[in-house]
Amino acid sequence: MQLHDNTIFITGGTSGIGKGLAESFHQRGNQVIITGRREERLKEICQSNPGMRYFVLDVTSRETLQTVARKAIEEFPAINCVVSNAGIQIRCNFAPGNAIDDHVLQQEIDTNLLGPIRVAAAFIAHLATRPGATLVNVSSGLAFVPMVRFPVYCATKAAIHAWTLSLREQLRSASVRVIEIVPPWVATELGSPGTPASIPSAGRGPMSLEAFVAETMKELESGAEEVAIGDARRLAAAASPDTVKKAFSAINAPWVT
Ligand SMILES: NC(=O)c1ccc[n+]([C@@H]2O[C@H](COP(=O)([O-])OP(=O)(O)OC[C@H]3O[C@@H](n4cnc5c(N)ncnc54)[C@H](OP(=O)(O)O)[C@@H]3O)[C@@H](O)[C@H]2O)c1
Numbered sequence: 018m019q020l021h022d023n024t025i026f027i028t029g030g031t032s033g034i035g036k037g038l039a040e041s042f043h044q045r046g047n048q049v050i051i052t053g054r055r056e057e058r059l060k061e062i063c064q065s066n067p068g069m070r071y072f073v074l075d076v077t078s079r080e081t082l083q084t085v086a087r088k089a090i091e092e093f094p095a096i097n098c099v100v101s102n103a104g105i106q107i108r109c110n111f112a113p114g115n116a117i118d119d120h121v122l123q124q125e126i127d128t129n130l131l132g133p134i135r136v137a138a139a140f141i142a143h144l145a146t147r148p149g150a151t152l153v154n155v156s157s158g159l160a161f162v163p164m165v166r167f168p169v170y171c172a173t174k175a176a177i178h179a180w181t182l183s184l185r186e187q188l189r190s191a192s193v194r195v196i197e198i199v200p201p202w203v204a205t206e207l208g209s210p211g212t213p214a215s216i217p218s219a220g221r222g223p224m225s226l227e228a229f230v231a232e233t234m235k236e237l238e239s240g241a242e243e244v245a246i247g248d249a250r251r252l253a254a255a256a257s258p259d260t261v262k263k264a265f266s267a268i269n270a271p272w273v274t
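Taken in order, the sequence shown gives residues 18 to 274; the numbers are from our numbering.
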């Protein structure tokens, strides 16, 4: 992916990975439009990065998403890259004796799965008219090897990975490149209360946001379509992406999209 002179719309730009990528793209000479629910944060980030713009957006609201996508395309017709990054991670336990809150389940699935699917649906027709069109989905190393304490989160990320594989093929003839960023554990605001900042006893800790962003930019520039970073590369390899890709080609070969 060319890392300059794009117009980039990013969901979840108020903190962590979305903010880090937004600022890095901004520094490289792209017009960046960030979104999120917290307007104060959006304002502050735009003030610190002159030229960056924002829209308030809750990706779980279909109506708001359609309105914001329409307004963003009207105001920034050069948008040629959309990054679906917004996500939440909720700890839950399905063993008997634990309460499962349906509203929380819905929120996690709507944010992490339906959100990116609707974002793509809202922008694809426009992207197909733009040079260098790119759609980026942010999944997780946990899409490949789930972590038991976050069962629904991991299922949404596995679904994002599976959907991204198909989307990439469906959009090939429309010349929209589809990239998946597969982050490892990164030091951000993600996670439920009680999630440790590191697990020294297991020798595990998060990658710094700065290192993650730097490595991601390098990989994006290399033209990779599946950008697994740090320890996520090991987790993705555990699911043997080459084997999956061969099987994917084999089952899809006889069918038209
Ligand atoms: N950090 C990690 O270890 C890690 C590892 C693998 C994958 N990831 C993925 O990376 C992505 C970014 O996460 P992060 O680690 O940077 O977490 P973060 O610091 O908590 O950032 C999450 C972002 O998502 C936005 N968001 C959450 N719910 C939203 C909604 N309903 N509508 C719109 N925006 C919403 C938040 O903005 P508002 O609250 O302002 O709306 C925030 O900007 C997520 O998809 C996450 O699953 C993270």
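From the three backbone atoms N, C-alpha and C, an ideal C-beta is built for every residue, glycine too. Just so you know, these numbers come straight off a predicted model, no measurement behind them.
Nearest-angstrom Cβ-Cβ length linking residue i and residue j, presumed shorter than 8 Å
i	j	result
Phe72	Lys88	7 Å
Thr28	Thr52	5 Å
Trp180	Ile134	7 Å
Asn97	Gly149	5 Å
Glu236	Val230	Incorrect: roughly 11 Å between the Cβ atoms, too far for contact.
Leu184	Val136	Rounded, the Cβ-Cβ distance is 11 Å, inconsistent with contact.
Asp127	Thr77	4 Å
Ala256	Phe161	4 Å
Length of the line joining the Cα atoms of residue i and residue j
i	j	result
Ala214	Ala267	42 Å
His3	Ala172	The first residue shown for the chain is 18 and the last is 274, placing residue 3 beyond what the model contains.
Gly158	His143	30 Å
Phe111	Ala95	46 Å
Asp259	Pro67	42 Å
Lys262	Arg79	32 Å
Ala103	Gly30	8 Å
Asn129	Tyr170	8 Å
Thr146	Ser65	32 Å
Ile105	Pro271	37 Å
Ala228	Gly240	19 Å
Gln187	Gln123	27 Å
Arg194	Val49	18 Å
Same chain only: Cβ atoms within 8 Å of residue i, ignoring 5 sequence neighbours per side
i	result
Asp22	Gly46 and Asn47
Glu3	Any property of residue 3 remains undetermined from this structure, which presents the chain solely from 18 to 274.
Cys63	Ile51, Met69, Arg70 and Tyr71
Ile216	Gly222
Leu226	Gly33, Ile34, Gly37, Val203, Ala204 and Thr205
Phe93	Thr24, Phe26, Gln48, Ile50 and Arg70
Assigned exposure category for residue i - 16 Cβ within 10 Å defines buried
i	result
Thr151	buried
Ala254	exposed
Val99	buried
Glu238	exposed
Gly211	exposed
Ala116	exposed
Chain-order list of residues whose beta-carbon lies under 6 Å from that of residue i (same chain, five-residue window excluded)
i	result
Ser156	Lys174, Ile177, His178, Glu197 and Val199
Gly247	Pro201 and Met224
Thr84	none
Glu91	none
Arg58	Thr31
Among the options, the one whose alpha carbon lies nearest that of residue i
i	options	result
Ala138	Ser101, Glu56 and Ala241	Ser101
Arg189	Val49, Ser41, Ala95 and Glu242	Glu242
Arg221	Gln123, Val162, Asp118 and Trp202	Trp202
Leu252	Ser239, Pro163, Ala191 and Gly240	Pro163
Phe26	Ala228, Val153, Ala191 and Arg166	Val153
His43	Glu56, Leu20, Arg58 and Arg55	Leu20
Leu13	Ala249, Thr233 and Arg194	Because the chain in this structure spans residues 18 to 274, residue 13 falls outside the shown range and cannot be described.
Met18	Gly132, Thr212, Ser192 and Ala204	Ser192
Arg166	Leu74, Asp75, Cys109 and Gly211	Cys109
Asp75	Arg54, Pro113 and Phe93	Arg54
Ala264	Arg250, Leu182 and Phe93	Leu182
Contacting residues, own chain, Cβ-Cβ under 7 Å from residue i (five flanking each side not counted)
i	result
Glu40	Asn66
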